[in-house]
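Participant: Let me give you the structure first, and then I'll get to my questions.
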Amino acid sequence: MQYEFMANRLENIHSDIRGPVFFRALEMEAEGQKVLKLNTGNPAAFGFKMPASVKNHILENVEKSLGYCGLRGMQATLQAIMDYEVSKGVPVTSTNDVFVTNGVSEAANMLATALVNEGDEVLMPNPGYSLWSNSVLAAGGVPVFYDCNEEDEWNPDIEDIERKISKRTKAIVVINPNNPTGALYSDKILLQIAEIARKNDIIVFSDEIYDRLVFDGLVHNSFAKLAPDLPIVTLNGLSKSHCLCGLRSGWIVLSGKCKKMEELQKALVVLASVRLCSNALMQLIVPTALKDVEYTKEMISPTGRLFLQREACVNAINEIDGLSVVKNKGAFYIFPKIDTERYNVTNDKEFARGLLEAKKILIVAGTGFGYKTPDHFRVVMLPEHQTLKDAMYEIGDYLQTLKK
Ligand SMILES: Cc1ncc(COP(=O)(O)O)c(C=O)c1O
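Basically the working numbering = 1-based index in the sequence shown + 301.
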């Protein structure tokens with residue numbers, strides 16, 4: 302959008318997850334139409350309930366959340382986060398290196414504000430979640446995208462990362478498991494990225510918000526565990542693992558002692574002070590939630606809701622002529638490909654809009670995640686499995702109307 306009055310830096314900031322097609326869906330809802338909105342990874346909107354342990358804790362302790370708390374966070378919360386990250390092998394040794402934030406979203410903004418000067422570059426995945434590019438743009442920096450290759454299960458293209466390092470590169474963002482592809486990276490890939498970071502003396506931001514949502518008995522390894530010598534910022538939260546998006550629960554953990562990390566810690570103290578504190582009600586429940594591992598495990602077990610939804614969705618897509626998909630290993634997204642040789646889709650945003658009008662299903666076009674060709678879309682696999690399966694068939698039905 303072109304502004305006249307607003308700051309120029311807003312020009313490239315956008316989110317297609319809540320972009321023009323989404324606003325059209327809202328209009329349709331206001332007109333009384335029923336729209337299946339598969340645009341946001343917001344479990345509560347699809348009937349996922351909060352853990353009972355967390356609910357009880359809130360009800361019993363709400364009074365304790367009424368004052369501002371410490372700038373980093375409440376001490377018990379910081380300790381619980383540190384214990385969690387240490388249990389994952391992240392070499393954090395002091396709660397001074399932990400900052401509680403209002404979601405990973407605020408964390409990304411704080412990090413970009415702390416680190417990025419005008420024109421500085423931050424490397425990040427393509428396709429990727431637009432929070433990171435938007436945060437860097439808002440800070441006056443330049444997001445530089447490294448490819449993740451569909452033919453290689455959406456793994457980062459290591460040579461592309463290497464090619465795109467420049468004198469202005471300040472950080473590399475790794476999103477693992479990834480949004481929108483659902484890829485889970487192997488240790489080999491992570492170690493290769495670590496080697497590039499080490500060689501070029503670059504800090505890594507590891508967004509691990511989906512770390513507990515991995516399927517088929519696979520294990521998520523934290524970047525910082527694999528590269529304990531490097532300055533790594535690990536980001537995580539409870540939005541996804543405990544279906545608490547609305548409580549805005551996130552955190553930053555710094556590891557890898559060095560001058561850069563000392564500076565970053567100081568900068569974060571300044572920024573955390575300025576915003577006074579993060580939501581205290583959410584902080585109260587972090588220790589309880591992190592103890593409640595069963596809640597998350599149940600969702601991803603072979604009889605759990607997320608697992609069943611993923612199977613229903615991926616199997617349905619595989620039956621549809623004109624669509625193919627790399628099965629996700631983690632998170633609750635897939636990023637199917639449209640066969641544009643045989644189907645008349647030249648603009649994925651028009652495809653999303655056409656689908657919305659015809660079938661009242663809202664998806665997000667792949668180019669909304671920065672993807673280079675307009676032939677993908679993202680599906681959020683959060684509705685109950687039958688609803689999801691039916692929705693995939695409806696998408697297939699719509700696609701057939703575009704057959705060449
Ligand atoms: C990769 C990734 N990082 C961060 C976020 C934001 O999470 P939060 O609710 O903690 O702000 C999301 C939300 O979808 C995400 O997909």
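A virtual CB, placed ideally from N, CA and C, is assigned to each residue, including glycine.
1) On the CB-based measure, 16 or more other CB atoms within 10 Å of its CB, does Ala331 come out buried or exposed?
2) Rounded to whole angstroms, what is the Cα-Cα separation between Tyr699 and Gly348?
3) Mind checking whether the beta-carbon of Tyr430 lies closer than 7 angstroms to any heavy atom of ligand 1?
4) Just the C-alpha distance for Met600 and Phe633, rounded to the nearest angstrom, thanks.
5) Terminal residues of the continuous beta strand (DSSP E) containing Asp448?
6) Nearest-angstrom Cα distance between Val265 and Lys628?
7) Give me the Cα-Cα distance between Met425 and Lys630, rounded to the nearest whole angstrom.
8) Round the Cβ separation of Ala415 and Leu569 to the nearest angstrom and send it over; I've been treating them as touching at under 8 angstroms.
9) Cβ atoms of Trp552 and Ala359: under 8 angstroms apart, would you say?
10) Which value, in whole angstroms, describes the spacing of the CA atoms of Thr394 and Ala346?
11) Would the C-beta of Val336 count as close to ligand 1, meaning under 7 angstroms from any of its heavy atoms?
12) Quick one: is the Cβ of Ser523 within less than 7 angstroms of any heavy atom of ligand 1?
13) Quick one: Cα of Val423 to Cα of Tyr447, how far?
14) Assuming Met425 is part of the beta strand (DSSP E), what are its boundary residues?
15) Is Cys614 near ligand 1, going by C-beta to nearest heavy atom under 7 angstroms?
16) Could you check which residue in Ala440, Pro457, Pro481, Ile497 has the C-alpha nearest to that of Ser467?
17) Kindly confirm or deny that the stretch 529-546 and the stretch 554-574 touch, where touching means at least three C-beta pairs closer than 8 angstroms.
18) Just checking, does the stretch 499-516 make contact with the stretch 468-481 on the three C-beta pairs under 8 angstroms criterion?
19) In angstroms, rounded to a whole number, what distance separates the CA positions of Asn456 and Pro481?
20) Tell me which residue opens and which closes the beta strand (DSSP E) that Arg679 is part of.
21) Do three or more CB pairs link the stretch 578-593 to the stretch 635-655 at distances below 8 angstroms?
22) Find the nearest neighbour of Pro529 within the set Pro392, Gly547, Asn313, judged by alpha-carbon distance.
23) Only counting runs of 3 or more residues, tell me where the beta strand (DSSP E) segments fall wholly within the stretch 466-548, in order along the chain.
24) Can you determine whether any heavy atom of ligand 1 sits closer than 7 angstroms to the C-beta of Asn480, and answer yes or no?
25) Over the uninterrupted beta strand (DSSP E) stretch that includes Gly368, give me the two end residues.
26) What three-state label does DSSP hand Trp455 in the structure shown?
27) Just list the alpha helix (DSSP H) runs in the stretch 317-377, keeping only unbroken ones of 4 residues or longer that don't cross its boundaries, in chain order.
28) Applying the 10 Å Cβ sphere with the 16-neighbour rule, what's the burial state of Val363?
29) Would you mind reading off the limits of the alpha helix (DSSP H) that contains Asn403?
30) According to the neighbour-count rule (16 or more other Cβ atoms, all chains shown, within 10 Å of its Cβ), is Met411 buried or exposed?
31) With DSSP collapsed to three states, give me the class of Tyr385.
32) Please confirm whether any heavy atom of ligand 3 lies closer than 7 angstroms to the CB of Cys449.
33) Can you tell me whether Ser625 sits near ligand 1, meaning its C-beta is under 7 angstroms from at least one heavy atom of the ligand?
34) What residue range is occupied by the uninterrupted alpha helix (DSSP H) comprising Gly557?
35) For my contact list, Asn340 and Phe324 are in at a C-beta cut-off of 8 angstroms; report their separation, rounded to the angstrom.
36) Measuring alpha carbon to alpha carbon, tell me which residue in Leu519, Glu460, Thr396 is nearest Ala484.
Facilitator: Based on what the coordinates show:
1) exposed
2) One C-alpha to the other measures close to 27 angstroms.
3) yes
4) 11 angstroms
5) 443-450
6) Outside the shown range of the chain (302 to 705) lies residue 265, about which nothing can therefore be said.
7) 20 angstroms
8) The distance from the Cβ of Ala415 to that of Leu569 is about 6 angstroms, consistent with a contact at the 8 angstroms cut-off.
9) Reading off the sequence shown, one finds Ile at residue 359, where the question assumed Ala. Not in contact: Ile359 and Trp552 (Cβ atoms no closer than 8 angstroms).
10) 37 angstroms
11) Result no, Cβ not under 7 angstroms from ligand 1.
12) Ser523: no, Cβ never under 7 angstroms from ligand 1.
13) 10 angstroms
14) Residues 422-427.
15) no
16) Ile497
17) Result yes; three or more Cβ-Cβ pairs closer than 8 angstroms.
18) yes
19) 12 angstroms
20) 678-681
21) no
22) Pro392
23) 470-476, 504-508, 533-538
24) yes
25) Unbroken run through Gly368: none, as it is neither H nor E.
26) coil
27) 321-331, 353-362
28) If you draw a 10 Å sphere on the C-beta of Val363, you find fewer than 16 other C-beta atoms in it, and that means exposed.
29) Taken as a continuous stretch (DSSP letters only), Asn403 belongs to no alpha helix (DSSP H), being part of the beta strand (DSSP E) at 399-403.
30) buried
31) helix
32) Questions concerning ligand 3 fall outside what the structure shown contains, since the ligands it does hold are ligand 1.
33) no
34) The continuous stretches of alpha helix (DSSP H) do not include Gly557, and DSSP gives it neither H nor E.
35) The distance from the Cβ of Asn340 to that of Phe324 is about 11 angstroms, inconsistent with a contact at the 8 angstroms cut-off.
36) Leu519
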